[in-house]
Amino acid sequence: MDGFKDCPRRCKCLLAAIIDPATAATVDTFVWEYVFVLNRAMFCISISMVGVISLERLLVVYFPFSASKLLTPCRMKTVSVLMYSINFMFFAPVFFCFTHTWVFDERLNATVAVVVYTEFYQNNMQTILFESFIGHNLIFLGTFVVIVFISSPGIAYKIWAMAKTRQKMTRKPARFDPQLAKMLLVISSACFIFYSPSLIFDTIAYFIPAFVLESQVYNLFQIFTDLLFAISSSANFIIYVTMSTKFSKAYRSLLVCSRRKGNKGN
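Have a look at this one:
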């Protein structure tokens, strides 16, 4: 396998509409080589951090007294640094998997850069694929996706149960906000929708290599998962703004204060 010479994304990137296709293909190659892996690493860090936050919320709701002692700010900062470190440790071999070479492309009638696998990858391919697809994506990140998927409904149920218990003890109607439960369920569902396709996709790619090398579906699915990654970056904010009245009011107040300060400055 010499590289990705036949990958249709080389000549169909958005840059081709702005500059000539040959330059666009070369730029796309360098983006893949230097940016793609880092982008994936940050996405994986995002998944693990969302999982940590979900687990922290679950512990606070179910074990409020123990959680206040266990989940100190210093320990949570340590966990955050640990998530970055573990993800970059998993990704370390992948950073050395790709390089580029210059070839003459007959379709473009120009010499362009194409991505090729490094000797390091070719000599350690099975180990790297197993560590990346199975160890990191399926087991490590899959665990955090499951945590998020379980934590949000678990928190909603606990809040509902606490309201019912309080009502029995005081014999007064206990307030339970169904909107909060809906918001937690939407967050859980969004996490599953945004993150699980990539995990499933990577698992298929590991067990069926021909799916990556020969199938055109691979390229479409790659674009689809990239789109989900981009949407997931702002999904929680949109959910909070549209479903949480308190958050929406606080955000509007922040904008109004910033606007007033800007007018005073002028």
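Taking my numbering, I'd label the letters of the sequence shown as residues -17 to 248. Here a beta-carbon is modelled for each residue, glycine too, at the ideal position from N, C-alpha and C.
- For Y222, the closest of F183, L20, V168, M24 by C-alpha to C-alpha distance is V168.
- With respect to F102, V32 sits apart: the two C-beta atoms are not nearer than 9 Å.
- Looking at M24, N21, L210, the one whose alpha-carbon comes closest to that of Y177 is L210.
- A straight-line Cα-Cα distance of about 11 Å links I182 and F203.
- Counting C-beta pairs closer than 8 Å gives fewer than three between the segment 128 to 145 and the segment 78 to 94, which falls short of the contact rule.
- Under the three-pair Cβ rule at 8 Å, the segment 53 to 65 does not count as touching the segment 17 to 24.
- Excluding the 5 residues flanking it on each side, A163 has same chain C-beta neighbours closer than 6 Å at A138, in chain order.
- Residue state for D2 is assigned as coil, using DSSP reduced to three classes.
- In this structure, F77 is the residue among S36, F77, F45 with its C-alpha nearest to the C-alpha of Y99.
- By alpha-carbon distance to T185, the top candidate from L123, S226, S235, T147 is L123.
- In the three-state reduction of the DSSP assignment, T152 falls in the helix class, which pools H, G and I.
- In the three-state reduction of the DSSP assignment, F183 falls in the helix class, which pools H, G and I.
- About 46 Å separates the beta carbon of A95 from that of F229, a gap too long to meet the 8 Å contact definition.
- Under the criterion of beta carbons closer than 8 Å, E38 and P75 do not qualify as touching, at roughly 30 Å.
- With contacts defined as CB atoms closer than 9 Å, N218 and A172 qualify as a contacting pair.
- Runs of the alpha helix (DSSP H) spanning 4 or more residues and lying entirely within the segment 112 to 150 do not occur at all.
- In the DSSP assignment, V98 forms a beta bridge with T81.
- Here the alpha carbons of I129 and S36 stand approximately 7 Å from one another.
- Of the residues A6, C26, V9, the one whose Cα lies closest to the Cα of S180 is C26.
- Between V43 and I116 the beta-carbon gap is near 33 Å, outside 8 Å, which marks them as no contact.
- In the structure shown, the three-state DSSP call for T224 is helix.
- Around the C-beta of T207, 16 or more other C-beta atoms lie within 10 Å, and the residue is accordingly described as buried.
- Straight across, the Cα-Cα distance linking S28 with T109 is about 25 Å.
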